[in-house]
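Protein chains in written order, with the numbering used here: chain A, 1 to 322; chain B, 1 to 322. One structure is given below, encoded as structure tokens.
Number of protein chains: 2
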Amino acid sequence: MPIDNSNMLKAIEEFPAQCKTALGLAKGMAVSGKINKIVVAGMGGSAVGGDLLKAYLHSSKIPVFVVRDYKVPNFVDEATLVFAVSYSGNTEETISAFESAERNKAKIIAVTSGGALSAQAKKLIKIPAGLQPRAALGYLFFPLLGVLANSNIVAVKDDEITEMIDILSKTDEFKIAGERIAKKIGTRTPIIYASELLSPVAYRWKTQFNENSKTAAFHHAFSEMNHNEIAGYQAMDKNKFISIFIRSKYDNERIKKRMDITKEIISTKVDVEDVFTKGEHLLSRIFSGIYYGDFASYYLALANKIDPTPVAVIENLKKRLK
Amino acid sequence: MPIDNSNMLKAIEEFPAQCKTALGLAKGMAVSGKINKIVVAGMGGSAVGGDLLKAYLHSSKIPVFVVRDYKVPNFVDEATLVFAVSYSGNTEETISAFESAERNKAKIIAVTSGGALSAQAKKLIKIPAGLQPRAALGYLFFPLLGVLANSNIVAVKDDEITEMIDILSKTDEFKIAGERIAKKIGTRTPIIYASELLSPVAYRWKTQFNENSKTAAFHHAFSEMNHNEIAGYQAMDKNKFISIFIRSKYDNERIKKRMDITKEIISTKVDVEDVFTKGEHLLSRIFSGIYYGDFASYYLALANKIDPTPVAVIENLKKRLK
């Protein structure tokens with residue numbers, strides 16, 4: 001079977017342009033009235049968009065909940081803004097969660113490229129179709145941020161956006177680093193770590209290795225891993241696993257110290273690879289962290305002679321679930 | 001080095017008695033006034049107590065947040081009940097989170113066996129000392145539930161408690177199953193799955209394997225794993241990994257079906273072991289699920305000639321962090 005990588009590589013390379021387009025998609029879309037809770041209902045890549053929103057709003061007075069399930073929690077009410085996010089619009093969990101949010105009279109905005117969700121939603125942000133959902137992360141995040149900005153729930157500064165786009169636009173840097181990391185990983189199982197704040201970035205790496213590279217991959221957060229997972233390194237085999245630390249200047253000083261000491265301790269058992277996120281703003285830190293992983297997962301697929309684009313097992317599962 | 005397992009085995013065997021004692025520890029402790037958010041700040045085993053509370057309150061109108069970090073979120077306020085939970089009372093993240101909750105004027109109850117936290121807390125539930133924190137899960141969960149019951153935030157029925165204690169008291173059943181599962185795992189890395197609702201049970205298994213058995217272990221939830229992790233099974237090696245599915249009659253019918261089909265699909269790559277939780281009530285489902293894993297992790301330590309009790313690497317890390 002020949003490996004056709006052109007679609008996924010192109011999608012990853014065009015990610016900065018996708019973010020720019022995505023920023024305009026929420027134009028004119030806002031909610032009014034009291035909002036004291038935000039829920040993002042979605043699965044896979046769509047849920048990661050919610051995780052990133054939660055990270056971005058980490059210092060907000062309004063809590064963000066990411067729901068990866070068939071219903072929204074019972075505390076969802078009229079004062080809850082619910083984003084129902086599904087790239088295809090046909091994710092059964094998200095449609096079911098959307099319906100439960102309707103029963104709870106939440107303010108709902110659907111974000112989708114089509115499908116049943118676009119037919120059912122009263123308020124809709126339509127995003128461009130034709131990508132693998134995981135390659136559409138810009139479309140699955142920035143419209144949510146746009147709605148919150150339009151609704152005066154969060155202030156997004158122009159220079160945050162500009163910096164992020166500028167950093168990502170130096171695509172070659174991420175590409176080269178991603179290829180280098182992929183080579184280093186080889187056939188080993190990567191375990192990706194970040195601070196609690198950036199743990200969605202670590203999770204995104206994990207899911208990209210799963211879906212693009214079709215390999216096992218796991219993640220955990222600092223400092224929680226210091227309380228359990230680190231003990232599992234006692235019998236760890238350098239040939240089986242490799243650890244990746246995603247670093248940020250936004251990490252608490254104690255977290256930085258924990259990462260340094262943990263690296264020293266576990267380096268006797270496994271190789272540890274540091275990945276340094278970039279930028280002055282949190283948005284840049286988040287998306288530069290993600291961009292390294294997107295390329296790493298792509299090149300790991302190539303190295304293992306895997307076509308990164310199709311995920312046959314997920315498609316097969318969906319068919320069997322019908 | 002001789003392996004002294006007596007402490008950990010004894011602690012696990014006495015877990016039903018610990019739960020009974022723990023149920024009385026919140027006696028007379030309640031909060032009054034408006035509560036519209038509950039936060040559990042803790043790390044490791046103490047945070048798992050919070051995860052279990054969140055699962056138990058999954059249909060509540062009051063959201064529960066588990067904070068594994070150095071500070072509580074900014075939305076913590078006078079109407080927030082914060083449990084600061086640290087078995088030793090000296091967990092730096094929890095003390096720091098406790099202090100941030102005080103600055104936010106939250107209603108705080110500390111749950112600890114002593115340490116700095118017990119000295120700093122104005123409201124305190126003192127739990128018995130002398131155990132490994134992970135062996136004190138009863139003390140780290142039931143006092144929180146007790147406070148919520150005393151404060152009329154949740155109604156805990158006597159027959160839920162009775163059923164759970166009855167089920168756990170048939171200890172031999174869990175012991176025998178745990179030993180059998182440990183034998184099956186051998187030197188492979190377990191990946192433990194449960195529904196989103198019971199994912200804290202899967203996480204508890206993971207942490208017990210890490211700390212008791214000193215082995216790598218990972219977890220994920222249904223149906224999210226169907227959207228990414230399942231694709232990682234393509235290159236999975238039966239000799240490296242084994243998958244464990246924790247099942248419950250409380251699982252959504254679609255989740256049950258997803259588990260069945262996923263098992264069929266991944267069984268071509270790895271062995272899959274089902275673990276069936278017990279009981280009519282959610283509390284029994286949670287704790288019977290946990291109890292199997294506690295014994296499995298204990299017997300996996302023995303099988304690999306590991307002393308389950310000490311976690312030298314965590315103690316070493318703490319010393320180096322000072």
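All C-beta atoms, glycine included, are put in the ideal place defined by N, C-alpha and C.
Which of helix, strand or coil DSSP assigns to residue i
{"i": "serine 86(A)", "result": "strand"}
{"i": "phenylalanine 75(A)", "result": "coil"}
{"i": "serine 243(B)", "result": "strand"}
{"i": "threonine 128(A)", "result": "The amino acid occupying residue 128(A) in the given sequence is proline; threonine does not appear at that position. In the structure shown, proline 128(A) sits in coil (DSSP, three-state: anything other than H, G, I, E or B)."}
{"i": "tyrosine 233(B)", "result": "helix"}
{"i": "lysine 107(A)", "result": "strand"}
{"i": "isoleucine 343(A)", "result": "In the structure displayed, chain A extends from 1 to 322; residue 343(A) sits before or after that span and is not available."}
{"i": "histidine 227(B)", "result": "helix"}
{"i": "threonine 268(B)", "result": "coil"}
{"i": "serine 213(A)", "result": "coil"}
{"i": "leucine 197(B)", "result": "coil"}
{"i": "cysteine 19(A)", "result": "helix"}
{"i": "isoleucine 167(B)", "result": "helix"}
{"i": "leucine 25(B)", "result": "coil"}
{"i": "lysine 54(A)", "result": "helix"}
{"i": "valine 190(A)", "result": "First, the residue type needs correcting, since residue 190(A) is proline and not valine in the sequence shown. In this structure, proline 190(A) counts as strand in the three-state DSSP scheme."}
{"i": "threonine 80(A)", "result": "strand"}
{"i": "glutamate 92(B)", "result": "helix"}
{"i": "aspartate 69(A)", "result": "coil"}
{"i": "aspartate 274(B)", "result": "strand"}
{"i": "methionine 1(B)", "result": "Confidence is the limiting factor: at methionine 1(B) the pLDDT is only 45, short of 50, which leaves the residue's position unreliable, though a coordinate-based value still follows. If DSSP states are grouped into helix, strand and coil, methionine 1(B) belongs with coil."}
{"i": "lysine 323(A)", "result": "Outside the shown range of chain A (1 to 322) lies residue 323(A), about which nothing can therefore be said."}
{"i": "leucine 317(B)", "result": "helix"}
{"i": "isoleucine 38(A)", "result": "strand"}
{"i": "phenylalanine 11(A)", "result": "Residue identity differs from the one stated: residue 11(A) is alanine in this sequence, not phenylalanine. Alanine 11(A) falls in the helix class under three-state DSSP."}
{"i": "alanine 221(A)", "result": "strand"}
Closest Cα partner of residue i within the set the options
{"i": "methionine 236(B)", "options": "Phe222(B), Ile244(B) and Ile266(B)", "result": "Ile266(B)"}
{"i": "isoleucine 109(A)", "options": "Glu93(A), Ala129(A) and Ser86(A)", "result": "Ser86(A)"}
{"i": "isoleucine 192(A)", "options": "Ser169(A), Lys183(A) and Phe222(A)", "result": "Phe222(A)"}
{"i": "threonine 207(A)", "options": "Leu144(A), Ile176(A) and Leu137(A)", "result": "Leu137(A)"}
{"i": "isoleucine 286(A)", "options": "Arg247(A), Gln234(A) and Ala296(A)", "result": "Arg247(A)"}
{"i": "serine 59(A)", "options": "Leu282(A), Ile127(A) and Glu163(A)", "result": "Leu282(A)"}
{"i": "valine 147(A)", "options": "Arg68(A), Tyr233(A) and Ala30(A)", "result": "Ala30(A)"}
{"i": "histidine 227(B)", "options": "Arg68(A), Ser32(A) and Tyr56(A)", "result": "Arg68(A)"}
{"i": "isoleucine 181(B)", "options": "Leu23(B), Val272(B), Asp158(B) and Ile261(B)", "result": "Val272(B)"}
{"i": "glutamate 160(A)", "options": "His219(A), Ser284(A) and Ala296(A)", "result": "Ser284(A)"}
{"i": "phenylalanine 142(B)", "options": "Glu280(B), Gly24(B) and Asn90(B)", "result": "Gly24(B)"}
{"i": "glutamate 315(A)", "options": "Ala231(B), Lys263(B) and Lys257(B)", "result": "Ala231(B)"}
{"i": "serine 151(B)", "options": "Tyr299(B), Lys27(B) and Val311(B)", "result": "Lys27(B)"}
{"i": "lysine 263(A)", "options": "Tyr56(A), Tyr233(A), Asp251(A) and Lys249(A)", "result": "Tyr233(A)"}
{"i": "methionine 225(A)", "options": "Lys269(B), Lys126(B), Val313(B) and Ile153(B)", "result": "Val313(B)"}
{"i": "lysine 34(A)", "options": "Glu102(A), Glu280(A), Ala106(A) and Tyr70(A)", "result": "Ala106(A)"}
{"i": "isoleucine 125(B)", "options": "Ala22(B), Lys256(B), Glu253(B) and Asp274(B)", "result": "Ala22(B)"}
{"i": "isoleucine 127(A)", "options": "Lys20(A), Ala177(A), Leu197(A) and Glu102(A)", "result": "Lys20(A)"}
{"i": "histidine 219(A)", "options": "Thr268(A), Lys170(A) and Ile244(A)", "result": "Ile244(A)"}
Proximal residues to residue i (C-beta, below 7 angstroms), its chain only, five neighbours per side dropped
{"i": "asparagine 36(A)", "result": "Ile62 and Ala79"}
{"i": "valine 66(B)", "result": "Val40, Ala47, Gly50, Asp51 and Lys54"}
{"i": "asparagine 104(A)", "result": "Val72, Val76 and Asp77"}
{"i": "tyrosine 291(A)", "result": "Phe15, Leu168 and Phe174"}
{"i": "isoleucine 261(B)", "result": "none"}
{"i": "arginine 204(A)", "result": "Val48, Ile290 and Gly293"}
{"i": "asparagine 212(A)", "result": "Met8, Ser297, Tyr298, Ala301 and Pro308"}
{"i": "tyrosine 57(A)", "result": "Note that residue 57(A) is leucine in the sequence shown here, rather than tyrosine. So the list reads Val64 and Val154, once near-sequence residues are dropped."}
{"i": "phenylalanine 276(A)", "result": "Arg247"}
{"i": "phenylalanine 209(A)", "result": "Pro190, Thr215, Ala217, Ser297 and Leu300"}
Nonlocal neighbours in the same chain, by C-beta distance under 8 angstroms from residue i, ignoring five residues either side
{"i": "phenylalanine 98(A)", "result": "Ala41, Val82, Ala84, Ile108, Ala110, Leu117, Gln120 and Ala121"}
{"i": "methionine 43(A)", "result": "Arg68, Ser86, Thr91, Glu93 and Thr94"}
{"i": "serine 32(B)", "result": "Ser151"}
Cβ-based neighbour list, residue i, same chain, cut-off 6 angstroms, excluding 5 preceding and 5 following
{"i": "threonine 112(A)", "result": "Ser86, Gly89 and Ser118"}
{"i": "serine 100(B)", "result": "Lys71 and Val72"}
TODO: Could you list the residues in the region 247-280 of chain A with a C-beta less than 9 angstroms from some C-beta on chain B, going in chain order?
DONE: Answer set for the region 247-280 of chain A: Asn252, Arg254, Ile255, Lys257, Arg258, Ile261, Thr262, Glu264, Ile265 and Ile266.
Open item on the list: Using a Cβ distance threshold of 8 angstroms, determine whether the region 174-189 of chain A contacts the region 292-303 of chain A, with at least three qualifying pairs required.
Closed with: Touching, per the Cβ criterion.
Task: Interfacial residues, the region 104-126 of chain B to chain A, with Cβ spacing under 9 angstroms - done: Legend: CB atoms of the region 104-126 of chain B lying less than 9 angstroms from CB atoms of chain A are not found in any residue.
Open item on the list: Under 8 angstroms: do the region 14-33 of chain B and the region 137-150 of chain B share three or more Cβ pairs, one atom per stretch?
Closed with: Yes, since at least three Cβ pairs between the region 14-33 of chain B and the region 137-150 of chain B fall closer than 8 angstroms, the two stretches touch.
- [ ] With 8 angstroms as the C-beta to C-beta threshold (strictly closer), list the residues of the region 214-240 of chain B near chain A in chain order.
- [x] Taking 8 angstroms as the Cβ-Cβ cut-off against chain A, the residues of the region 214-240 of chain B that qualify are Lys214, Thr215, Ala216, Ala217, Phe218, Ala221, Ser223, Glu224, Asn226, His227, Asn228, Glu229, Ile230, Ala231, Gly232, Tyr233, Gln234, Ala235, Met236 and Lys240.
- [ ] Output, in sequence order along the chain, the residues in the region 54-65 of chain A whose CB is closer than 9 angstroms to any CB in chain B.
- [x] If the cut-off is 9 angstroms between Cβ atoms, the region 54-65 of chain A has His58, Ser59, Ser60, Lys61, Ile62, Pro63 and Phe65 near chain B.
TODO: Report the residues of the region 172-205 of chain B with a CB closer than 7 angstroms to any CB of chain A, ordered along the chain.
DONE: Residues Glu196.
Open item on the list: Any C-beta of chain B within less than 9 angstroms: which residues of the region 62-95 of chain A qualify?
Closed with: Taken in chain order, the members of the region 62-95 of chain A whose beta-carbon sits within less than 9 angstroms of a beta-carbon on chain B are Ile62, Pro63, Phe65, Val67, Arg68, Asp69, Tyr70, Lys71, Pro73, Asn74, Phe75, Asp77, Thr91, Glu92 and Glu93.
Task: Interfacial residues, the region 133-145 of chain A to chain B, with Cβ spacing under 7 angstroms - done: Taken residue by residue, none of the region 133-145 of chain A has a beta-carbon sitting less than 7 angstroms from a beta-carbon on chain B.
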